[in-house]
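Trainee: Numbering (our numbering), first residue to last: 11 to 387.
The beta-carbon is built from N, C-alpha and C at its ideal position, and this holds for glycine as well.
Please find one structure pasted underneath; my questions will follow.
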Amino acid sequence: MKLADLLARDDLHLSLVVGADSLEKEVRRAYPTDLPDPRRYLSPGDLVLTSGVWYSKPEDCIPFADALWVSGAAGLVVGLIVLGELPESLVEACARRGIPLLLAAADQSFGAITEAVTAEAFAAEQRRAERVRAQTLLDVLATQRIPPGEVSAHLRLLGADPALPTTAMVVHGEGDLPAVLHEALARKGRHLIVGGTPGEAIVLVNGRSSRKGLAEELRAVAEERGLRIAAGVSEPAASVSQLAEALETARRGMESARDGGGPVSIMSMADIDSFELLLAALPGSVRRAFREHLLGPVEEYDRRHGSELMRTLEVFLESTGSWQRTADELYVHVNTLRYRMQRIEELTGRRMASMRDRTDLYLALRSGQLPRDEPPA
Numbered sequence: 011m012k013l014a015d016l017l018a019r020d021d022l023h024l025s026l027v028v029g030a031d032s033l034e035k036e037v038r039r040a041y042p043t044d045l046p047d048p049r050r051y052l053s054p055g056d057l058v059l060t061s062g063v064w065y066s067k068p069e070d071c072i073p074f075a076d077a078l079w080v081s082g083a084a085g086l087v088v089g090l091i092v093l094g095e096l097p098e099s100l101v102e103a104c105a106r107r108g109i110p111l112l113l114a115a116a117d118q119s120f121g122a123i124t125e126a127v128t129a130e131a132f133a134a135e136q137r138r139a140e141r142v143r144a145q146t147l148l149d150v151l152a153t154q155r156i157p158p159g160e161v162s163a164h165l166r167l168l169g170a171d172p173a174l175p176t177t178a179m180v181v182h183g184e185g186d187l188p189a190v191l192h193e194a195l196a197r198k199g200r201h202l203i204v205g206g207t208p209g210e211a212i213v214l215v216n217g218r219s220s221r222k223g224l225a226e227e228l229r230a231v232a233e234e235r236g237l238r239i240a241a242g243v244s245e246p247a248a249s250v251s252q253l254a255e256a257l258e259t260a261r262r263g264m265e266s267a268r269d270g271g272g273p274v275s276i277m278s279m280a281d282i283d284s285f286e287l288l289l290a291a292l293p294g295s296v297r298r299a300f301r302e303h304l305l306g307p308v309e310e311y312d313r314r315h316g317s318e319l320m321r322t323l324e325v326f327l328e329s330t331g332s333w334q335r336t337a338d339e340l341y342v343h344v345n346t347l348r349y350r351m352q353r354i355e356e357l358t359g360r361r362m363a364s365m366r367d368r369t370d371l372y373l374a375l376r377s378g379q380l381p382r383d384e385p386p387a
């Protein structure tokens, strides 16, 4: 819990006196004290609550503020029932040491503040424990060797229903993605299992959800928060035995989406309905290796001899292997064309008379024409 979260709660009736630039400090626990020097009892992240019984003169504020500063306290909350008014010397001491100072309303109980901090600390610990359990499930699913019965047991432990379909998402991007997505994608009627690392979230959506709908939700979250993401979304797994495959499918989609353009790129294997999309679904490194293996010798030959074998191959394949049409478009004699194609066959080890070999060459050509296919500098 951050100091800003406490200030934002209307029920706690807190107001900020100094320390506006330190409101992102984490509050680990609330510690009420009226000792003049409580440092031996304080820990980093403590929110100190005091009624000021220790105060009798302005000089008393210096050792008290020093104790909080040395201990790494998150901030100080002062109640005025005893003090009547906030000592200016305490305000100055906190300001000098960068200690956020908050003022509690006259009718505000320190007990309510303590309960709020304790409840949030407990909830945070529960979230951490759930994240660990979720990561355990995701890790064993990644091995693809877990029996369906074990998957069901893990899902139940996480509050999910193994009988309901589950959709997998893998999201690469910036910020604490698991936390962001856990909050943003929560909906009534479905259960989220979220794990991964800050830069790569893995989300299992247990319940009735469509692949297309989840992709739209994810895009909306990214655009609303200004995030750059690449994501893969699986089809819903109808049974727990399909969940590992769904997770792997989502990961492949994410890897392909990372080669896509734009700040938000989301891909699903179900979107693939052409060879262009099939090629785009492959990692750029795979496409480059495939192209280099087949066409690298041809490109090198062109560089060394100033020839046009690559151009000749492209026109020939686009002309569905018509010798005359290819020769006409290139303004060469058919015999010259045959010589060039023979040289290409020698360099690639592929035969133009074979449809399979032509297909290999065509895919290699097209794999170099996809967006963002250049290797990283």
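#1: For residue 160, which option in 170, 169, 152 and 147 has the closest C-alpha, if you only look at C-alpha atoms?
#2: Are there 16 or more other CB atoms within 10 angstroms of the CB of residue 155, so buried, or fewer, so exposed?
#3: In the structure shown, what three-state DSSP assignment does residue 309 receive?
#4: Roughly how many whole angstroms lie between the Cα atoms of residue 259 and residue 214?
#5: Taking Cβ to Cβ, would you say residue 71 is nearer than 9 Å to residue 97?
#6: Could you name each continuous alpha helix (DSSP H) segment of 4 residues or more that falls completely within the region 97-173, going from the start of the chain to the end?
#7: Restricting to Cα atoms, I'd like to know which of 17, 348, 48 and 82 is closest to residue 38.
#8: Per DSSP, what are the beta-bridge partners of residue 209 in this structure?
#9: Taking the continuous beta strand (DSSP E) assigned at residue 369, which residues delimit it?
#10: Hey, how far is the Cα of residue 277 from the Cα of residue 197?
#11: Which full runs of the beta strand (DSSP E) of 3+ residues lie inside the region 185-244, going along the chain?
#12: Output yes or no for whether 9 Å exceeds the beta carbon distance between residue 361 and residue 289.
#13: On a Cα-Cα basis, can you pick out the residue from 119, 59 and 313 that is closest to residue 88?
#14: Spatial neighbours of residue 325 within its chain, please: C-beta separation below 7 Å, excluding the five flanking residues on both sides.
#15: With DSSP as the reference, identify every bridge partner of residue 25, one or two as the case may be.
#16: Residue 115: which of 374, 94 and 127 sits nearest, CA to CA?
#17: Quick one: is residue 195 buried, meaning 16 or more other Cβ sit within 10 Å of its Cβ, or exposed?
#18: Here's a check: name, in chain order, each residue in its chain whose Cβ is nearer than 6 Å to the Cβ of residue 367, leaving out the five neighbours to either side.
#19: What three-state label does DSSP hand residue 276 in the structure shown?
#20: Does the region 106-121 come within contact of the region 164-179, defined as at least 3 CB pairs closer than 8 Å?
#21: Could you pull the DSSP bridge partners for residue 46 from this structure?
#22: Counting C-beta neighbours from all protein chains within 10 Å, is the total for residue 345 16 or more, i.e. buried, or is it exposed?
#23: From the DSSP output, in three-state form, read off residue 362 for me.
#24: Would residue 50 be called buried (16 or more neighbouring beta carbons within 10 Å of its own) or exposed?
#25: My assumption, with CB atoms under 8 Å, is that residue 190 sits in contact with residue 235. Please give the rounded CB distance.
#26: Mind checking residue 254: buried by the 16 CB within 10 Å criterion, or exposed?
#27: Contact check, residue 158 vs residue 251 under 8 Å by CB: the rounded distance?
#28: CB-CB under 6 Å to residue 25, same chain, minus the five flanking residues each way: which ones, in chain order?
#29: Rounded to whole angstroms, what is the Cα-Cα separation between residue 152 and residue 274?
#30: Which residues bound the alpha helix (DSSP H) around residue 76?
#31: Under 8 Å: do the region 222-237 and the region 123-132 share three or more Cβ pairs, one atom per stretch?
#32: Would residue 92 be called buried (16 or more neighbouring beta carbons within 10 Å of its own) or exposed?
#33: Taking only three categories from DSSP, how would you classify residue 57?
#34: Can you give the Cα-Cα distance for residue 308 and residue 319, rounded to whole angstroms?
#35: Pop quiz: residue 188 and residue 206 are said to be a contact at Cβ under 8 Å. What is the actual Cβ separation, rounded to whole angstroms?
Mentor: Here's the rundown:
#1: The sequence position of residue 160 within the sequence shown is 150, counting from 1. The option with the nearest alpha carbon to residue 160 is 147.
#2: Numbered from 1 along the sequence shown, position 145 holds the residue referred to as residue 155. That one is exposed.
#3: Position 299 of the sequence shown, counted from the start, is the residue given in the question as residue 309. Residue 309 falls in the helix class under three-state DSSP.
#4: As a working note, residue 259 is residue 249 in the sequence shown. As a working note, residue 214 is residue 204 in the sequence shown. For residue 259 and residue 214, the distance between alpha carbons rounds to 13 Å.
#5: Walking along the sequence shown from the start, residue 71 turns up at place 61. Walking along the sequence shown from the start, residue 97 turns up at place 87. In this structure, residue 97 lies closer than 9 Å to residue 71 by Cβ.
#6: 98-107, 120-153 and 158-167
#7: On the sequence shown, residue 38 is found 28 positions in, with the first residue counted as 1. For the residues 17, 348, 48 and 82, the minimum Cα distance to residue 38 belongs to 82.
#8: Your numbering for residue 209 matches position 199 in the sequence shown. None, per the DSSP bridge assignment.
#9: For the purposes of this step, residue 369 is taken as residue 359 along the sequence shown, with counting starting at 1. That residue, residue 369, is in no beta strand (DSSP E); its alpha helix (DSSP H) goes 365-377.
#10: As a working mapping, residue 277 is identified with position 267 in the sequence shown. As a working mapping, residue 197 is identified with position 187 in the sequence shown. Approximately 22 Å, taken between the alpha carbons.
#11: 200-207, 210-217 and 239-243
#12: Here residue 361 is taken as the residue at index 351 of the sequence shown, counted from 1. Here residue 289 is taken as the residue at index 279 of the sequence shown, counted from 1. Their beta carbons are not under 9 Å apart, which means residue 361 does not touch residue 289 by this criterion.
#13: As a working note, residue 88 is residue 78 in the sequence shown. Per the C-alpha coordinates, the member of 119, 59 and 313 positioned closest to residue 88 is 59.
#14: Position 315 of the sequence shown, counted from the first residue, corresponds to residue 325. The residues are 336, 339 and 340.
#15: For the purposes of this step, residue 25 is taken as residue 15 along the sequence shown, with counting starting at 1. DSSP, once it has assigned bridges, lists 113 as partnering residue 25.
#16: To locate residue 115, count along the sequence shown from 1; it is residue 105. If we check each option's Cα against that of residue 115, 94 comes out closest.
#17: As a working note, residue 195 is residue 185 in the sequence shown. Counting Cβ neighbours within 10 Å, residue 195 comes out buried, since at least 16 surround it.
#18: Counting from 1 along the sequence shown, the entry for residue 367 is found at position 357. Counting only Cβ-Cβ distances below 6 Å, and skipping sequence neighbours, we find 360 and 361.
#19: As a position in the sequence shown, residue 276 is number 266, starting the count at 1. Strand.
#20: no
#21: By 1-based counting over the sequence shown, the position of residue 46 is 36. DSSP lists no partner for residue 46.
#22: Numbered from 1 along the sequence shown, position 335 holds the residue referred to as residue 345. Exposed, since its Cβ has fewer than 16 Cβ neighbours within 10 Å.
#23: As a working note, residue 362 is residue 352 in the sequence shown. It is coil, neither helix nor strand.
#24: Position 40 of the sequence shown holds residue 50. That one is exposed.
#25: Numbered from 1 along the sequence shown, position 180 holds the residue referred to as residue 190. Numbered from 1 along the sequence shown, position 225 holds the residue referred to as residue 235. Right, their Cβ atoms sit about 7 Å apart.
#26: To locate residue 254, count along the sequence shown from 1; it is residue 244. With 16 or more Cβ atoms within 10 Å of its Cβ, residue 254 is classed as buried.
#27: Counted from its first residue, the sequence shown places residue 158 at position 148. Counted from its first residue, the sequence shown places residue 251 at position 241. Yes, they are in contact, since the Cβ atoms of residue 158 and residue 251 sit about 5 Å apart, within 8 Å.
#28: For the purposes of this step, residue 25 is taken as residue 15 along the sequence shown, with counting starting at 1. Cβ within range, chain order: 113.
#29: As a first step, residue 152 is located in the sequence shown; it is residue number 142 there, counting from the start. As a first step, residue 274 is located in the sequence shown; it is residue number 264 there, counting from the start. If I take the Cα positions, the gap works out to 25 Å.
#30: If you number the sequence shown from 1, residue 76 lands on position 66. Here the alpha helix (DSSP H) through residue 76 covers 71-81.
#31: no
#32: Counted from its first residue, the sequence shown places residue 92 at position 82. Classification for residue 92: exposed.
#33: Working through the sequence shown from its first residue, we reach residue 57 at position 47. Residue state, collapsed to three classes: strand.
#34: Locating residue 308 in the sequence shown gives position 298, where the first residue counts as 1. Locating residue 319 in the sequence shown gives position 309, where the first residue counts as 1. Computed Cα separation, rounded: 7 Å.
#35: Residue 188 sits at position 178 when you count from the first residue of the sequence shown. Residue 206 sits at position 196 when you count from the first residue of the sequence shown. 5 Å between Cβ atoms; contact.
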